[in-house]
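So the structure is just underneath, and the comments pick up after that.
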Amino acid sequence: MITFGIYTKVPMNIFQAGINKNFISQTLRINNPEFNYFYFDANDCEKFILNNYPSSVYDTYKKLIPFEYKLDLWKYCVLYKYGGIFIDDKYDDNIKLINLIDRNYFVKNKNHYYNKPLVNSDFIITKNNNPILNIAIYEIVKNVNNNYYGIDVTYPTGSGLLGKLFKENNLMAELCYNDGEIKFNNIIIMKTKNNYNNSTNTNYLWMTKRIYDKQK
């Protein structure tokens, strides 16, 4: 079994990302001044993987067509190298994040249709060199090489992938997701923004079997 769980402290880095830098969260920065804040756009994400990971990982990044999938691979890479907190820009923080750096935190969820465990890829708190993230990185490499689609849109890179890996490695996620809220011991940590627009082409690309660019 891999080693996973309680560490001394999670590095005080907050990472966010998007196609461009129009969604930098000033509120998140103001509420958490103790943290280093980094926002990566699409070019930043690609350069980071190119400069810090083997060509097999970079080639995988290039072959992924949905930006949502590229973002999953990048976030596992940046958190594995540096550690910290990844927060999707759909969330507003509800508590000071300095209260959540005592250990790794992942968010459990569930695919009710298939009755399968999920672990959200949109909010992760972790120390660097977390083995499960390294496993996730190279599982994505394998998925791209094998043209893997899985049972739903989250399995190539996202919450389906993490849920599968957590189950295989007997890991537990301590945070819970329900109705747009992430909770720990019934305390709301993150809430989905009221005006959040979840329209992407990822579902369409997955359903039409066009998530991989084999020409890259």
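Residue 3 in full-length UniProt numbering sits at position 3 of the sequence shown; the count goes up by one each step and never skips. For every residue, glycine included, the Cβ atom is placed at its ideal position computed from N, Cα and C. On a predicted model such as this, the values are computed, not experimentally measured, just so you know.
With residue i and residue j assumed to form a contact (beta carbons below 8 Å), what rounded beta-carbon distance in angstroms separates them?
i	j	result
residue 76	residue 133	5 Å
residue 107	residue 30	With a Cβ gap of about 24 Å, residue 107 and residue 30 do not count as contacting.
residue 94	residue 188	5 Å
Out of curiosity, what's the CA-to-CA distance linking residue i and residue j?
i	j	result
residue 127	residue 80	8 Å
residue 211	residue 65	5 Å
residue 16	residue 166	23 Å
residue 34	residue 97	9 Å
residue 9	residue 129	13 Å
residue 28	residue 91	10 Å
Apart from the five residues on each side of it in sequence, which residues of its chain come closer than 6 Å, Cβ to Cβ, to residue i?
i	result
residue 72	121, 157 and 158
residue 40	17
Residues in the same chain with beta-carbon distance under 7 Å from residue i, minus the five sequence neighbours each way, listed in chain order, please.
i	result
residue 67	19 and 42
residue 205	65, 66 and 211
residue 153	202, 203 and 206
In chain order, what residues of the same chain lie with their CB nearer than 8 Å to the CB of residue i, ignoring the 5 residues before and after it?
i	result
residue 49	57, 58, 61, 73, 74 and 77
Output the boundary residues of the beta strand (DSSP E) element that contains residue i.
i	result
residue 33	From DSSP, residue 33 is part of no beta strand (DSSP E); its letter is neither H nor E.
residue 154	It is not in any beta strand (DSSP E) - residue 154 carries neither H nor E in the DSSP assignment.
Candidates the options: which alpha carbon is nearest residue i's?
i	options	result
residue 85	94, 92, 95 and 100	100
residue 88	201, 191, 187 and 178	191
residue 146	25, 37 and 214	214
residue 164	63, 69, 111 and 44	111
residue 12	36, 46 and 131	36
residue 193	137, 172 and 179	179
From what residue to what residue does the alpha helix (DSSP H) around residue i run?
i	result
residue 163	159 to 168
CB of residue i to nearest heavy atom of the ligand HEM: below 7 Å?
i	result
residue 164	In the structure on display, the ligand HEM does not appear, and there are no ligands present to speak of.
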